[in-house]
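Single-structure report; data block below.
4 protein chains.
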Amino acid sequence: MGLSAFALNCSLKSSAESSSTEKLLDELLFALEEHGVSGHGTVRIADCDVRAGVTSDEGSGDDWPAIRRQILAADIFVLGTPIWLGHPSSHAQRVLERLDAFHGEQDDQGRMVSLDRVALVAVVGNEDGAHHVAAELFQGLNDVGFTIPANGMTYWVGEAMHSTDYRDLPAGSEKTHAATKLAAAQGAHLARLLAGHAYPAG
Amino acid sequence: MGLSAFALNCSLKSSAESSSTEKLLDELLFALEEHGVSGHGTVRIADCDVRAGVTSDEGSGDDWPAIRRQILAADIFVLGTPIWLGHPSSHAQRVLERLDAFHGEQDDQGRMVSLDRVALVAVVGNEDGAHHVAAELFQGLNDVGFTIPANGMTYWVGEAMHSTDYRDLPAGSEKTHAATKLAAAQGAHLARLLAGHAYPAG
Amino acid sequence: MGLSAFALNCSLKSSAESSSTEKLLDELLFALEEHGVSGHGTVRIADCDVRAGVTSDEGSGDDWPAIRRQILAADIFVLGTPIWLGHPSSHAQRVLERLDAFHGEQDDQGRMVSLDRVALVAVVGNEDGAHHVAAELFQGLNDVGFTIPANGMTYWVGEAMHSTDYRDLPAGSEKTHAATKLAAAQGAHLARLLAGHAYPAG
Amino acid sequence: MGLSAFALNCSLKSSAESSSTEKLLDELLFALEEHGVSGHGTVRIADCDVRAGVTSDEGSGDDWPAIRRQILAADIFVLGTPIWLGHPSSHAQRVLERLDAFHGEQDDQGRMVSLDRVALVAVVGNEDGAHHVAAELFQGLNDVGFTIPANGMTYWVGEAMHSTDYRDLPAGSEKTHAATKLAAAQGAHLARLLAGHAYPAG
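Residue numbers (our numbering), protein chains in the order written: chain A, 877 to 1078; chain B, 877 to 1078; chain C, 877 to 1078; chain D, 877 to 1078.
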């Protein structure tokens, strides 16, 4: 059965600039393809106008409703973010705030509209912070209805207080590649199970 | 298919004292039973001698090996903890440290020994901190191989700086009961899927 | 000696709407006045155009440079935020990202430009999350040069999964008022010490 | 005026084994000495029997009362911890739980008994997690009455998923040394101010 993934890149930089987060997301989407998951592209929040708020539509000019549709159209939601001050980027937190609206929305079986979807997390920084960023994202995504596969995170960070970027490593990192492959294999497996066997009605 | 759950209570208090965490764990185990999941009892870390360390056996007198066997014998691992200073209790962090040993252990298919198991989290405090505690536990448990079902947490906390305990609420809390039921229904569903369809070989 | 405070309100809502964060900030600024600290008003990020980025000036139309000047003109920086999904608001994280630029800026003594300034934190939510939000803000603010007085936080949150807003409590909360007074007294004391005795040259 | 510092090492290993946390604590205590702060030794929690609980004395055999006296006898409290699963060690959380008792204790002026003391944090890991560990410790320590000087943290972590230990770096890390010196200079300055000008009565 064909599955699909949709990725959001929460880099602070628009597509005019290269992004380490994009590099890691590309690697994760490629790894997912090897498990029969077709990527439906990556959207950079910095290219969009995602309005502040906690509803699913903050009115004219808000780019969130289109992004929301793409999230709900996919089986796997891949959330990629850089680390700033040890935290998810403000764009990543903005995404969580907009997803919070799922708490007030139900499908025709009385379930959260996001159910049966798997979330994976990709985190990149010069140094330090990936596990905490994953903790924030896992808890936020789980709260709004996503399921987290075992080892559902891939990441790269450098040594303390250094300034290398992941996009500057031509071969990436072997350890990161292994984490990416594991997250993809397990994410695809779980998404396939849930696509065939939905959570019970509410 | 019959499933089983094993619960750890990370209260700082031994069984000689009543525990709000125990009350919430009892409610969660009861809710799981309604979905065909038999509880195999609850162990309180405060009653045991779980040694500091990051291996699966810290030597003579260490109670962890027996607890570890019970975790691995069950389909669902329920981790319950009180909130202290906004964090998981030191007993809960001790449990995560001992689970960290899974990173060096593989089953006969080259997979983490904990795979195919679902984790649920139950958090209780006088006030404030449940979401952060869940974030810490979800990320730690996911890192050592557990899968987190959608809405995989139940909790109760009171108003800021108040001192009511969950065990002092005779009827508990309706909202907490609803969260407990949802976590149980979705945790049982996911555990059943994974029991029948294991993650792929490593 | 007269001291001054500057407050940022990181509510997702503009001034067109009432804000619980504003109520708590007003109470904290009032308490600071009783210790000789004059408030220089409160700015709501939602009223401004604070651009994404990690420099002190992201170009034409960016409202951050004016806000940055107000932060540096004051002895006490008060950062107020609501809680969303257990985290600081995306506006609060945006503020931290812009403050990150301080790492590349020095005063004429080779010190961070923010040194000798005290930070206080005010956190409000319907339920749960204040301590973790304070943790994120304390660590971020400390990293960019602010000093945190003992008990440097005031907050209000309601019972788990309830929906009361702080602005709906006519008398606020006695316990919150006590925390506010303590944070103000200790913040003013520390700011006065640092205003008279600057940290050493770098 | 002579100042004193007291350090706790929350490594999971006893003094029978070498500790990266100890190396970083030694460097920080040495840096403090250059600012007139005499170290009163370092205690390893793993060598002690610090009982689980949230009072200042958990009864016969509890080593906490002696540690508590040393904390209160010093002007600067240095809390050092390794990172496990991205979190402070269980020993560090145990220390915070015991410090929580300060909420119920007052000096003869109605103030928290810990007031006028500065806290510094030293964090070490193979990879990733120092900022989050600092966030947890800053917030916990601030909650129980400690003041956090600007840049009050030093740390070292290696590249993602690598296994180098700080104690294996003969020369340590230049960047870590700079952070250590800054934390020491600013911590000593602030402790000196507070030793001469106590926070106001409660």
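Even glycine gets a Cβ: it sits at the ideal position worked out from N, Cα and C.
Per DSSP, which residues does residue i bridge with? Please list them.
i                : result
I959 of chain D  : D:P964
S914 of chain C  : C:S880
A995 of chain B  : B:F953
R1082 of chain C : Residue 1082 of chain C lies beyond the stretch modelled for chain C, which goes from 877 to 1078, so this question has no answer here.
Per DSSP, what kind of secondary structure is residue i in: helix, strand or coil?
i                : result
H1038 of chain A : coil
S896 of chain B  : helix
A928 of chain A  : coil
Q985 of chain C  : coil
G1072 of chain C : helix
A1077 of chain D : coil
Q935 of chain B  : In the sequence as presented, Gln is not what sits at residue 935 of chain B; that position holds Gly. Of the three classes helix, strand and coil, the one that applies to G935 of chain B here is coil, per DSSP.
Is the beta carbon of residue i within less than 7 Å of some heavy atom of the ligand ZN?
i               : result
V954 of chain C : Ligands displayed in this structure: none; no statement on the ligand ZN is therefore possible.
Kindly provide the ranges of any alpha helix (DSSP H) runs that are 4 or more residues long and lie completely inside the region 999 to 1054 of chain C, ordered along the chain.
1006 to 1019
Can we say the region 990 to 1006 of chain B touches the region 932 to 940 of chain B, given the rule of at least three CB pairs closer than 8 Å?
no
Could you check whether the region 1026 to 1038 of chain B touches the region 1007 to 1022 of chain A, counting it as contact only if at least three pairs of C-beta atoms, one from each stretch, sit closer than 8 Å?
yes
Touch test, the region 918 to 925 of chain C against the region 1054 to 1073 of chain C, Cβ-Cβ under 8 Å, three pairs minimum:
no
Between the region 942 to 951 of chain A and the region 878 to 892 of chain A, can you find at least three pairs of beta-carbon atoms closer than 8 Å?
yes
Listed in chain order, which residues of the region 907 to 928 of chain C have Cβ atoms closer than 7 Å to some Cβ of chain D?
none
For the region 1055 to 1068 of chain B, which residues have a beta carbon sitting closer than 7 Å to at least one beta carbon of chain A?
A1061, Q1062, H1065 and L1066
Report yes or no: do the region 900 to 908 of chain D and the region 969 to 977 of chain D share at least 3 C-beta pairs separated by less than 8 Å?
no
Within the chosen definition, does the region 1052 to 1063 of chain A reach the region 1049 to 1058 of chain B through at least 3 CB pairs nearer than 8 Å?
no
In the region 956 to 986 of chain C, which residues sit with their C-beta less than 9 Å from some C-beta in chain A, listed in chain order?
W960, L961, G962, H963, P964, S965, S966, H967, A968, Q969, R970, V971, L972, E973, L975 and D976
Using a Cβ distance threshold of 8 Å, determine whether the region 961 to 969 of chain A contacts the region 952 to 969 of chain C, with at least three qualifying pairs required.
yes
With 9 Å as the limit, tell me which residues of the region 1014 to 1035 of chain A have their beta carbon closer than that to any beta carbon of chain D; keep them in chain order.
Y1031, W1032, V1033, G1034 and E1035
Contacting positions in the region 1038 to 1053 of chain A - beta carbon closer than 8 Å to chain D
H1038, S1049, K1051 and T1052
Give the residues from the region 930 to 955 of chain C that approach chain A closer than 9 Å (Cβ to any Cβ), ordered along the chain.
V930
If contact means a Cβ-Cβ distance below 9 Å, which residues of the region 894 to 905 of chain A contact chain B?
none
Under 8 Å: do the region 979 to 986 of chain D and the region 954 to 966 of chain D share three or more Cβ pairs, one atom per stretch?
no
Contact list for the region 994 to 1015 of chain D against chain C, Cβ threshold 7 Å:
H1007, A1010, A1011, E1012, F1014 and Q1015
For the region 1029 to 1045 of chain C against the region 888 to 902 of chain C, do three or more pairs of beta-carbon atoms, one drawn from each stretch, fall closer than 8 Å, so that the two count as touching?
yes
Is the region 991 to 1008 of chain D close to the region 992 to 1007 of chain B, with three or more CB pairs under 8 Å?
no
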